[in-house]
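Novice: One line per chain: the protein sequences are S and R, in this order.
Add 102 to the 1-based position in the first sequence for this note's numbering, that's all there is to it.
Add 60 to the 1-based position in the second sequence for this note's numbering, that's all there is to it.
Glycine residues also receive a C-beta, built at the ideal position from the N, C-alpha and C atoms.
This one's a predicted model, so the numbers in the text were calculated from it and none came from an experiment.
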Amino acid sequence: MTVITRPKAKPADAIKDASMAKQKAMMAAHYDRLSDAPETGQKVAATFVPGNLNELIMCFDMVNNLPEVNAIQNGLRRTSGSYVMEAEKLGHSEDVCTYVKSDIGMMARGNIGPNGRKLPNPDVLLLSYTGCFTFMKWFELLRREYGCETIMFQTPYMADGKITPDMIAYMVKQLKQDVIPKLEKVSGVKFDIDRLREYLKKSAVAEDDLVKVLQSAKHKPSPIDAYFGGIYYIGPIFGAFRGTDEAIDYYRFLREEVDQRIREGKGPVTPDGDMGKERYRLVVEGPPNYTNFRQFWKMFYDEGAVVVASSYTKVGGTYDFGFRHNPDKPLESLAEYCLNVYTNRNLPMRVDMLENYVNEYEADGLLINSIKSCNSFSAGQLLMMREVEKRTGKPAAFIETDLVDPRYFSAANVKNRLESYFQMIEQKRGGLRGAA
Amino acid sequence: MRTFIGIDLGSTTTKAVLLDENQDVIGRGITNSRSNYGTAARVASEEARVDGRFTLFRRALHADDPSNLRAQEFLGALERNFRLVQFLEQLDDLEETCIGQLQTARFAAVADKMREALFEVFSRLKAEAPQLYAPGAKRKSDFFRDIAGSRFHVYAEEVAKESNVPHEILLNAYDKSIIEVENRPPSGDLSDKFRRAMARVIEHDAHITDGTRDLTTMIENTLGIELEETYLVGTGYGRVTLPFSKEHIRSEILCHGLGAHMMYPKTRTVLDIGGQDTKGIQIDEHGIVENFQMNDRCAAGCGRYLGYIADEMNMGLHELGPLAMQSNKPARINSTCTVFAGAELRDRLSLGEKREDILAGLHRAIILRAISIISRSGGVTDEFTFTGGVAKNEAAVRELRKLLKENYGDVTININPDSIYTGALGASEFARRAVVS
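(1) At the level of alpha carbons, what is the spacing between K118/S and T482/R?
(2) Please report how far the alpha carbon of H378/R lies from the alpha carbon of G233/S, in whole angstroms.
(3) Take the Cβ of A319/S as the centre, count every other Cβ of all protein chains shown within 10 Å, and call the residue buried at 16 or more, exposed below.
(4) Looking only at its chain, what residues have a beta carbon closer than 6 Å to the beta carbon of P323/S, apart from the 5 residues adjacent to it on each side?
(5) Which residues in the same chain have their Cβ closer than 7 Å to the Cβ of I427/R, if we skip the five residues on either side of it in sequence?
(6) Can you grab the Cα-Cα spacing for the pair G334/R / E263/R, in whole Å?
(7) Please report the straight-line C-alpha distance between G89/R and F254/R, rounded to a whole angstrom.
(8) In chain order, what residues of the same chain lie with their CB nearer than 7 Å to the CB of S305/S, ignoring the 5 residues before and after it?
(9) With a threshold of 16 other CB atoms inside 10 Å of the CB of E286/R, please say whether the residue is buried or exposed.
(10) Which residues in the same chain have their Cβ closer than 6 Å to the Cβ of T295/R, if we skip the five residues on either side of it in sequence?
(11) Quick check on M61/R: buried or exposed, where buried means 16 or more other Cβ atoms within 10 Å of its Cβ?
(12) Would D249/R pass as an interface residue toward chain S - the criterion being a Cβ-Cβ separation below 8 Å?
(13) Let me see if you follow: with CB-CB separation under 8 Å, is R396/S close to chain R or not?
(14) Just to confirm, are T91/R and A104/R a CB contact at a threshold of 8 Å?
(15) What does DSSP give as the partner residues of L302/S in its beta bridges?
(16) Could you tell me whether any Cβ in chain R is nearer than 8 Å to the Cβ of Q483/S?
(17) If you run the structure through DSSP and keep just helix, strand and coil, what is V151/S?
(18) What is the DSSP secondary structure of I106/S, counted as helix, strand or coil?
(19) For A76/R and T396/R, I'd like the C-alpha separation in whole angstroms.
(20) So, with DSSP's three-state summary, where would you put M373/R?
(21) For L168/S, which option in K126/S, V198/S, L228/S and L485/S has the closest C-alpha, if you only look at C-alpha atoms?
(22) Counting beta carbon pairs with one atom in the region 331-347 of chain R and one in the region 428-436 of chain R, are three or more of them shorter than 8 Å?
(23) Which residues share a DSSP beta bridge with G483/R?
(24) In terms of residues, what are the limits of the alpha helix (DSSP H) holding Q125/S?
(25) Evaluate R452/S with the Cβ neighbour count: other Cβ atoms within 10 Å of its Cβ, from every protein chain shown; 16 or more gives buried, anything less gives exposed.
(26) Within the 8 Å Cβ cut-off, does Y297/R reach chain S?
(27) Output the distance between the C-alpha atoms of I418/R and A391/R, rounded to the nearest integer angstrom.
(28) Starting from V77/R, follow the beta strand (DSSP E) in both directions and report where the run begins and ends.
(29) Which same chain residues end up closer than 8 Å to Y352/S when comparing Cβ atoms and leaving out the 5 residues on each side of it in sequence?
(30) Is it buried or exposed, A261/S, if we count other Cβ atoms within 10 angstroms and call 16 or more buried?
(31) Where do the ends of the beta strand (DSSP E) carrying N156/S lie?
(32) Residue range of the beta strand (DSSP E) that L469/S falls in?
(33) In whole angstroms, give me the CA-to-CA distance for Y297/R and G70/R.
(34) Who pairs with E251/S in a beta bridge, going by DSSP?
(35) Applying the criterion that 16 or more other CB atoms from any shown protein chain within 10 Å of the CB defines a buried residue, is A360/R buried or exposed?
(36) Evaluate the contact criterion for the region 114-130 of chain R versus the region 170-184 of chain R: three or more CB pairs, one atom per stretch, below 8 Å.
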């Protein structure tokens, strides 16, 4: 019997490249800005990642606070589990989105943010993307808690697979008649469209670099992991930094780092260092699990699996099909940005996008990580899987986890499915010969 | 001869299949997984080698010829005696281990009385053993733990009364020892056990060993054939806990797919209901997996569920199916939650529902859940192969046939008597392919 015992070493500290360290510092600075808000007098807008209007918020000297990002941070720091249970004690059902429950639980425990300091109460709740019904309910809860101004900016669903002039007009009208006047009222700052143009110009510069970074995964080996690594990359642009010089600097820095990796023929950086040989190239649909993020990622890189494209990195906006914020059409481009959010696309559009990714990035197949408590992502995923499988002829697989509820991450089950999937790809590649 | 071993380390049982170079199954072995996969893997592969020896004996005697009754009778006797030899050996080990326990502080006060009591219990167990392996005798289980355990309980109670030793202390000594015995890897020379079994046959069943010399020579010649373990592949939930290197591990989904293909080459959809998971697998004409789905996070409706129900009803796992088959009016049960199963059962019994009707309803609920998993994996394509321990349960099979017919029309349904070995069979073929391309 062949006996090779693997050493059981304690996991080392995660290895991060320079851009990750830079990103981490930016996020920390943002949290400090939030915690300092009561002293600095800066007003706070709570808003969501999909379709967030950071450039507009900045026009009113406000700082944004993103509840999902707080939940993610709490997931990564392993505090979300107790927050989720806290929210359940308050009566929120087991099936409710765990981002919501983590947020509610965190509030119930004194609203201490991931930086260990109290998060400020919001001055306004700005709901700029309504495709996720839960977001509305979430803000209703927060409104009850804080009693502050609430703005519901409705984004029409792309049911017919296209953006029409009417949709844009409808959204611009809301911006002019409702969103902007309310933000002026809350902040006491008069809206200046030229200031918005300046921010949007900066957004477009950073967006160009982000797209180049994400598309670098077309190289073989891919210098990045567009899912696990991708989550670091989207942090600043989907968060509080779009439209700032810091974002421009970060994405330029990141792009140069990635270009360097391509020149050196290197694969992605993982928490255990440079990834070994690239064996499988995957497209992943759906958000990741955050409570066991590193363990989850390890299941991929240990097997030489790299994610070359993911839908999740488009959740705050889709740039790779050409959209950029446009200073010449400021309000229209904000509308278009919101409409382009991945989960605002109808199922045929999502299928087209995933099919395109499998082909363009020469992936071995599609993997779906279905999230127990996220309806806006999970609905229709099996159907999407079948369709992409049929169109590309590449094998697909389905795993199930949750966002930030550790109870729904079953490592053995996920690993079992992933390993089966990788072996399935191997088998398919070699036909009968590869079946050994 | 070169042999290839596939081991399927399931949550309940561990299975091994021994394959030869011509892709023929030489032997199969099964044991309880006993939360020690290392030992379970060794026991199962030893059992497969034992079975492999019998295959070689059968070939040597041309016993597969149905008219060759004499050879069949002889092999039957040899097997019974072999099992008896094995049983007695393990019984000795158990006795020794129980006696060893007496040195611990726990038993110190009653050590002398206990020694006598244990001696008495084991004497009775040994005296009874030949009857357990007599022709036509039925055993409730093939696992030492189950047989020895149930009989020990009976004799311990008798002896406790007679010798005034507390019954619980005797049971306690057994409980502590059986785990140790079970987790000890198989010992002793296998060939030697065959020789001892042969000696018993000659001694006790002389009428079937006329021409003893020929048979003894055959046994010796066959034992002379070395069963070389050329390559091994492990699969199943325990695979990662075993010290196999990566190239010796295959996913159980791939193994089940390939195993089902080997049993029935026209298989396109496989349903496997094991101890802790239910898998729906789609395979192509080469046995390569196209897609799969399995239960997530919750083992509702899997084999363990039936095990739990059996415990609740104080029945053997194998008795559930036959009882459910007696039902004419299955209860409507939708929940397959293992944790709630006991409550559901008691609730219905208290309402006066019949045991067989409740059981039939429970079987249907399991299959309903399996059907949902299959449909998520892509539905049913002819032919359909049902594998895993639950495929042995006739009531589950009956419900499956009904539901497949309702949902997919006429589909060929394959259930192999050795379906529990499907994963191990696939693994053994992967082992063969790793060497013979």
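Specialist: Per the coordinate set shown:
(1) The count along the first sequence starts at 1 and reaches residue 118/S at position 16. The count along the second sequence starts at 1 and reaches residue 482/R at position 422. In a straight line, the C-alpha of K118/S is about 44 Å away from that of T482/R.
(2) Mapped onto the second sequence, residue 378/R falls at position 318. Mapped onto the first sequence, residue 233/S falls at position 131. Their Cα atoms are separated by approximately 52 Å.
(3) The sequence position of residue 319/S within the first sequence is 217, counting from 1. Classification of A319/S: buried, given that the 10 Å Cβ count is 16 or more.
(4) Here residue 323/S corresponds to residue number 221 of the first sequence, with the count starting at 1. Contacts found: G369 and E380.
(5) By 1-based counting over the second sequence, the position of residue 427/R is 367. Contacts found: A456, E459, L460 and L463.
(6) Within the second sequence, the letter at position 274 stands for residue 334/R. Within the second sequence, the letter at position 203 stands for residue 263/R. Each residue's Cα considered, the two are about 42 Å apart.
(7) Looking up residue 89/R in the second sequence gives position 29. Looking up residue 254/R in the second sequence gives position 194. Between G89/R and F254/R, the C-alpha separation is close to 17 Å.
(8) Taking the first sequence and counting its residues from 1, one reaches residue 305/S at position 203. Closer than 7 Å at Cβ, skipping near neighbours: E157, R344, G345 and H427.
(9) The residue you call residue 286/R lines up with position 226 of the second sequence. E286/R should be labelled exposed.
(10) Residue mapping note: residue 295/R aligns to position 235 of the second sequence, counting from 1. Only D68, R310, E312, C315, G483 and A487 meet the Cβ criterion.
(11) As a working mapping, residue 61/R is identified with position 1 in the second sequence. Exposed.
(12) As a first step, residue 249/R is located in the second sequence; it is residue number 189 there, counting from the start. Chain S contact via Cβ: absent.
(13) Taking the first residue of the first sequence as position 1, residue 396/S is located at position 294. Cβ-Cβ to chain R under 8 Å: no for R396/S.
(14) Counting from one through the second sequence, the residue named residue 91/R turns up at place 31. Counting from one through the second sequence, the residue named residue 104/R turns up at place 44. Cβ atoms of T91/R and A104/R: closer than 8 Å.
(15) One-based indexing of the first sequence puts residue 302/S at position 200. According to DSSP, L302/S bridges with nothing at all.
(16) On the first sequence, residue 483/S is found 381 positions in, with the first residue counted as 1. Chain R contact via Cβ: absent.
(17) As a working note, residue 151/S is residue 49 in the first sequence. It is coil, neither helix nor strand.
(18) Translated into positions along the first sequence, residue 106/S becomes position 4. Low confidence applies to I106/S: its pLDDT is 39, below 50, so where it sits in the model is not reliable, and the reading given next is rough at best. Correct three-state label for I106/S: coil.
(19) Start at 1 with the first residue of the second sequence, and residue 76/R comes out as number 16. Start at 1 with the first residue of the second sequence, and residue 396/R comes out as number 336. Approximately 30 Å, taken between the alpha carbons.
(20) Counting from one through the second sequence, the residue named residue 373/R turns up at place 313. Of the three classes helix, strand and coil, the one that applies to M373/R here is coil, per DSSP.
(21) Translated into positions along the first sequence, residue 168/S becomes position 66. Ranking K126/S, V198/S, L228/S and L485/S by Cα distance to L168/S puts L228/S first.
(22) yes
(23) Position 423 of the second sequence, counted from the first residue, corresponds to residue 483/R. In DSSP, G483/R forms no bridge with anything.
(24) Translated into positions along the first sequence, residue 125/S becomes position 23. Here the alpha helix (DSSP H) through Q125/S covers A120 to T142.
(25) Within the first sequence, numbered from 1, the residue matching residue 452/S stands at position 350. When all chains shown are included, R452/S counts as buried.
(26) By 1-based counting over the second sequence, the position of residue 297/R is 237. Interface residue, yes.
(27) Position 358 of the second sequence, counted from the start, is the residue given in the question as residue 418/R. Position 331 of the second sequence, counted from the start, is the residue given in the question as residue 391/R. Cα to Cα, the separation comes out at about 5 Å.
(28) In the second sequence, residue 77/R corresponds to position 17, counting from 1. Element bounds for V77/R: T73 to D80.
(29) Translated into the one-based positions of the first sequence, residue 352/S becomes position 250. Cβ neighbours of Y352/S beyond the five flanking positions: S121, K124, Q125, M128, A308, P338 and F343.
(30) Position 159 of the first sequence, counted from the first residue, corresponds to residue 261/S. That one is exposed.
(31) Stepping through the first sequence from its first residue, residue 156/S is reached at position 54. No beta strand (DSSP E) holds N156/S; the alpha helix (DSSP H) holding it covers N156 to C161.
(32) Indexing the first sequence from 1 puts residue 469/S at position 367. Run containing L469/S: G467 to I473, per the beta strand (DSSP E) assignment.
(33) Here the question's residue 297/R lines up with position 237 in the second sequence. Here the question's residue 70/R lines up with position 10 in the second sequence. Cα to Cα, Y297/R sits roughly 6 Å from G70/R.
(34) As a first step, residue 251/S is located in the first sequence; it is residue number 149 there, counting from the start. Paired residue(s): V226/S.
(35) In the second sequence, counting from the first residue as 1, residue 360/R sits at position 300. With 16 or more Cβ atoms within 10 Å of its Cβ, A360/R is classed as buried.
(36) no
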